[in-house]
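The C-terminal residue of the sequence shown carries number 228 in this note's numbering, and the numbering is unbroken.
Note that CB positions come from ideal geometry on N, CA and C, so glycine has one too.
Note that this is a predicted model, so its numbers are computed, not measured.
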Amino acid sequence: MARFINIISLKPNTGNTTVALNLGLALKNLGHKVIVVDADFSKDNMLEHLYVRELPITLNNVIRDETQIFDSIIKHDSGLRIIPSTKDVDRKYVLDRIHSLGLHIRELSPHNDFVIVDMPKDMFMIDTLLGYADEALIVHSPEYSSKIVIDAQKLLSKRKITNLGVILNKSHEDSVDSIFANPVISKIPNHKSIIRSFQLKHPLLHVYPNSSISKKFFQIAERLSL
(Lines of atoms letter the chains of each structure in order from A; the text may use other names.)
(Lines give C-alpha, C1' and ligand atoms only; values in the text may rest on other atoms or scores of the structure.)
Protein backbone atom coordinates (compact mmCIF):
# COMPACT_ATOMS: atom_id res chain seq x y z
CA MET A 3 0.00 0.00 0.00
CA ALA A 4 1.27 3.44 -0.92
CA ARG A 5 2.10 6.31 1.38
CA PHE A 6 0.24 9.40 0.23
CA ILE A 7 2.36 12.49 0.82
CA ASN A 8 0.87 15.88 -0.01
CA ILE A 9 3.22 18.76 -0.83
CA ILE A 10 1.48 21.87 0.45
CA SER A 11 2.02 25.60 0.50
CA LEU A 12 -0.58 28.27 1.07
CA LYS A 13 1.16 30.81 -1.17
CA PRO A 14 2.12 30.75 -4.87
CA ASN A 15 5.62 30.45 -6.30
CA THR A 16 7.17 28.69 -3.33
CA GLY A 17 8.43 25.81 -5.48
CA ASN A 18 5.89 23.07 -4.72
CA THR A 19 6.17 21.49 -8.14
CA THR A 20 9.97 21.57 -8.15
CA VAL A 21 9.98 19.84 -4.76
CA ALA A 22 7.33 17.29 -5.74
CA LEU A 23 9.05 16.26 -8.97
CA ASN A 24 12.58 16.05 -7.60
CA LEU A 25 11.52 14.28 -4.42
CA GLY A 26 9.51 11.84 -6.52
CA LEU A 27 12.48 11.17 -8.79
CA ALA A 28 14.81 10.74 -5.80
CA LEU A 29 12.44 8.16 -4.30
CA LYS A 30 12.17 6.42 -7.67
CA ASN A 31 15.97 6.30 -8.01
CA LEU A 32 16.14 4.70 -4.56
CA GLY A 33 14.08 1.84 -5.94
CA HIS A 34 10.56 2.84 -4.92
CA LYS A 35 7.45 2.77 -7.11
CA VAL A 36 6.38 6.41 -7.28
CA ILE A 37 3.78 8.56 -9.00
CA VAL A 38 3.65 12.36 -8.75
CA VAL A 39 0.17 13.84 -9.20
CA ASP A 40 -0.47 17.48 -10.12
CA ALA A 41 -3.70 18.33 -8.28
CA ASP A 42 -3.44 22.09 -8.91
CA PHE A 43 -5.83 22.96 -11.73
CA SER A 44 -5.05 26.68 -11.56
CA LYS A 45 -1.90 26.33 -13.69
CA ASP A 46 -0.23 23.88 -16.06
CA ASN A 47 2.48 23.41 -13.43
CA MET A 48 3.80 19.97 -14.26
CA LEU A 49 3.63 20.42 -18.01
CA GLU A 50 5.54 23.70 -17.65
CA HIS A 51 8.29 21.88 -15.74
CA LEU A 52 8.57 18.75 -17.88
CA TYR A 53 8.97 18.03 -21.56
CA VAL A 54 6.18 15.72 -22.76
CA ARG A 55 6.43 14.24 -26.25
CA GLU A 56 2.71 14.49 -26.97
CA LEU A 57 -0.29 16.06 -25.28
CA PRO A 58 -1.29 13.43 -22.74
CA ILE A 59 -4.50 12.38 -21.12
CA THR A 60 -4.51 14.40 -17.91
CA LEU A 61 -6.14 14.49 -14.50
CA ASN A 62 -8.72 16.78 -16.11
CA ASN A 63 -10.04 13.81 -18.09
CA VAL A 64 -10.22 11.78 -14.89
CA ILE A 65 -12.18 14.41 -12.98
CA ARG A 66 -14.61 14.62 -15.94
CA ASP A 67 -15.10 10.83 -15.74
CA GLU A 68 -13.77 10.46 -19.27
CA THR A 69 -11.07 7.94 -18.35
CA GLN A 70 -9.58 5.92 -15.51
CA ILE A 71 -6.78 7.47 -13.48
CA PHE A 72 -4.36 4.73 -14.59
CA ASP A 73 -4.82 5.88 -18.20
CA SER A 74 -3.57 9.36 -17.30
CA ILE A 75 -0.13 8.17 -16.12
CA ILE A 76 2.75 9.18 -18.37
CA LYS A 77 6.42 8.33 -18.03
CA HIS A 78 8.97 11.12 -18.30
CA ASP A 79 12.37 10.52 -19.91
CA SER A 80 13.84 10.41 -16.39
CA GLY A 81 11.71 7.35 -15.64
CA LEU A 82 9.46 9.28 -13.26
CA ARG A 83 5.75 8.54 -13.66
CA ILE A 84 3.49 11.57 -13.46
CA ILE A 85 -0.17 12.52 -13.74
CA PRO A 86 -0.35 16.11 -14.99
CA SER A 87 -3.28 18.51 -14.97
CA THR A 88 -4.08 21.69 -16.87
CA LYS A 89 -5.96 24.88 -16.13
CA ASP A 90 -8.67 24.33 -18.76
CA VAL A 91 -11.24 23.36 -16.16
CA ASP A 92 -13.51 25.66 -14.18
CA ARG A 93 -12.76 26.06 -10.46
CA LYS A 94 -16.40 25.41 -9.52
CA TYR A 95 -16.35 22.22 -11.58
CA VAL A 96 -13.32 21.00 -9.63
CA LEU A 97 -14.87 22.01 -6.30
CA ASP A 98 -18.02 20.04 -7.10
CA ARG A 99 -15.91 16.93 -7.77
CA ILE A 100 -13.12 17.36 -5.24
CA HIS A 101 -14.16 14.33 -3.15
CA SER A 102 -14.31 12.22 -6.29
CA LEU A 103 -10.81 13.43 -7.16
CA GLY A 104 -9.53 12.33 -3.76
CA LEU A 105 -11.02 8.87 -4.26
CA HIS A 106 -9.49 8.58 -7.73
CA ILE A 107 -6.05 9.45 -6.35
CA ARG A 108 -6.44 6.80 -3.64
CA GLU A 109 -6.99 4.22 -6.40
CA LEU A 110 -3.24 4.45 -7.03
CA SER A 111 -2.47 2.89 -3.64
CA PRO A 112 -2.11 -0.84 -4.45
CA HIS A 113 0.37 -0.24 -7.26
CA ASN A 114 2.84 2.17 -5.66
CA ASP A 115 5.07 2.77 -2.66
CA PHE A 116 4.64 6.55 -2.72
CA VAL A 117 2.05 8.85 -4.24
CA ILE A 118 3.31 12.44 -4.12
CA VAL A 119 0.51 15.00 -4.59
CA ASP A 120 1.41 18.53 -5.67
CA MET A 121 -1.40 20.39 -3.95
CA PRO A 122 -3.43 23.42 -5.08
CA LYS A 123 -3.31 26.73 -3.20
CA ASP A 124 -7.09 26.91 -2.74
CA MET A 125 -7.80 26.49 0.99
CA PHE A 126 -11.01 24.50 0.50
CA MET A 127 -9.35 22.14 -1.97
CA ILE A 128 -6.35 21.66 0.32
CA ASP A 129 -8.58 20.93 3.30
CA THR A 130 -10.67 18.43 1.34
CA LEU A 131 -7.78 16.61 -0.36
CA LEU A 132 -5.93 16.32 2.95
CA GLY A 133 -8.76 14.00 3.95
CA TYR A 134 -7.35 11.50 1.44
CA ALA A 135 -3.69 11.88 2.49
CA ASP A 136 -1.51 10.19 5.10
CA GLU A 137 1.29 12.70 5.48
CA ALA A 138 2.35 16.13 4.28
CA LEU A 139 5.43 18.24 3.70
CA ILE A 140 5.11 22.01 4.00
CA VAL A 141 7.06 24.03 1.43
CA HIS A 142 7.89 27.55 2.56
CA SER A 143 9.81 30.41 0.99
CA PRO A 144 11.51 33.23 2.95
CA GLU A 145 9.66 36.00 1.11
CA TYR A 146 6.49 35.03 2.96
CA SER A 147 5.66 35.42 6.63
CA SER A 148 6.37 32.44 8.87
CA LYS A 149 2.73 32.67 9.96
CA ILE A 150 1.87 30.87 6.72
CA VAL A 151 3.54 27.76 8.14
CA ILE A 152 1.34 27.99 11.24
CA ASP A 153 -1.77 28.17 9.07
CA ALA A 154 -0.63 25.08 7.17
CA GLN A 155 0.15 23.30 10.42
CA LYS A 156 -3.38 24.00 11.66
CA LEU A 157 -4.85 22.43 8.52
CA LEU A 158 -2.77 19.30 9.05
CA SER A 159 -3.76 19.09 12.71
CA LYS A 160 -7.42 19.49 11.83
CA ARG A 161 -7.23 16.54 9.43
CA LYS A 162 -4.91 14.54 11.74
CA ILE A 163 -2.30 14.36 8.98
CA THR A 164 1.29 13.54 9.94
CA ASN A 165 3.42 16.67 9.51
CA LEU A 166 6.77 15.55 8.08
CA GLY A 167 8.28 19.01 8.48
CA VAL A 168 9.15 22.06 6.42
CA ILE A 169 11.23 22.32 3.26
CA LEU A 170 12.60 25.85 3.15
CA ASN A 171 12.91 26.67 -0.53
CA LYS A 172 14.94 29.54 -2.05
CA SER A 173 16.87 29.75 1.19
CA HIS A 174 20.39 29.96 2.62
CA GLU A 175 22.21 27.47 4.82
CA ASP A 176 22.18 29.96 7.70
CA SER A 177 18.37 30.12 7.61
CA VAL A 178 16.34 29.00 10.60
CA ASP A 179 16.27 25.33 11.62
CA SER A 180 12.64 25.39 12.75
CA ILE A 181 9.55 27.54 12.22
CA PHE A 182 7.24 27.67 15.22
CA ALA A 183 8.29 24.17 16.35
CA ASN A 184 8.06 22.79 12.80
CA PRO A 185 11.46 21.27 11.95
CA VAL A 186 13.10 22.48 8.74
CA ILE A 187 14.18 19.16 7.24
CA SER A 188 15.92 20.69 4.22
CA LYS A 189 17.05 24.06 2.89
CA ILE A 190 17.00 24.34 -0.90
CA PRO A 191 18.90 27.36 -2.28
CA ASN A 192 17.69 29.37 -5.25
CA HIS A 193 20.46 28.11 -7.51
CA LYS A 194 20.98 28.65 -11.25
CA SER A 195 20.92 24.87 -11.79
CA ILE A 196 17.24 24.81 -10.79
CA ILE A 197 16.49 27.55 -13.32
CA ARG A 198 18.49 25.72 -15.99
CA SER A 199 16.71 22.42 -15.40
CA PHE A 200 13.36 24.25 -15.68
CA GLN A 201 14.47 25.72 -19.02
CA LEU A 202 15.42 22.24 -20.21
CA LYS A 203 12.04 20.87 -19.03
CA HIS A 204 13.58 18.14 -16.88
CA PRO A 205 13.82 17.60 -13.11
CA LEU A 206 17.01 18.87 -11.52
CA LEU A 207 17.94 15.31 -10.52
CA HIS A 208 17.77 14.23 -14.15
CA VAL A 209 19.99 17.05 -15.43
CA TYR A 210 22.38 17.41 -12.49
CA PRO A 211 22.16 14.10 -10.57
CA ASN A 212 25.39 14.70 -8.64
CA SER A 213 24.81 18.34 -7.67
CA SER A 214 24.68 19.46 -4.06
CA ILE A 215 20.98 20.32 -4.43
CA SER A 216 20.19 16.90 -5.88
CA LYS A 217 21.86 15.38 -2.84
CA LYS A 218 19.48 17.35 -0.63
CA PHE A 219 16.49 15.75 -2.35
CA PHE A 220 18.10 12.33 -1.97
CA GLN A 221 18.54 13.04 1.75
CA ILE A 222 14.83 13.84 2.08
CA ALA A 223 13.95 10.68 0.13
CA GLU A 224 16.22 8.57 2.32
CA ARG A 225 14.58 10.06 5.39
CA LEU A 226 11.14 9.11 4.05
CA SER A 227 12.38 5.61 3.23
CA LEU A 228 13.27 4.78 6.83
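Collapsing the DSSP output to three states places L110 in coil.
Taking all protein chains in view, the Cβ of I152 is surrounded by fewer than 16 other Cβ atoms within 10 Å, so the residue is classified as exposed. Pairing L29 with L226 gives a Cβ-Cβ distance under 8 Å. Taking L61 as reference, the option from A223, L105, L202 and T20 with the minimal CA-CA separation is L105.
Considering only M3, K194 and I9, the residue with the shortest C-alpha distance to V168 is I9. In this structure, R161 places its C-beta atom within 8 Å of the C-beta atom of L132.
Taking one beta carbon from each stretch, the stretch 18-29 and the stretch 213-226 have 3 or more pairs nearer than 8 Å; the two touch. Around D90, the same chain offers N62 as residues with beta carbons nearer than 8 Å, after the five sequence neighbours per side are excluded.
Excluding sequence positions up to five before and after D115, its CB lies within less than 8 Å of the CB of A4, R5, L29, H34, K35 and V36, all in the same chain and listed in chain order. Burial is judged here by how many other beta carbons sit within 10 angstroms of a residue's own beta carbon; F126 has fewer than 16 and is exposed. In chain order, L206, V209, Y210, S213 and I215 place their CB closer than 8 Å to the CB of S195, counting only its own chain and leaving out the 5 sequence neighbours on each side.
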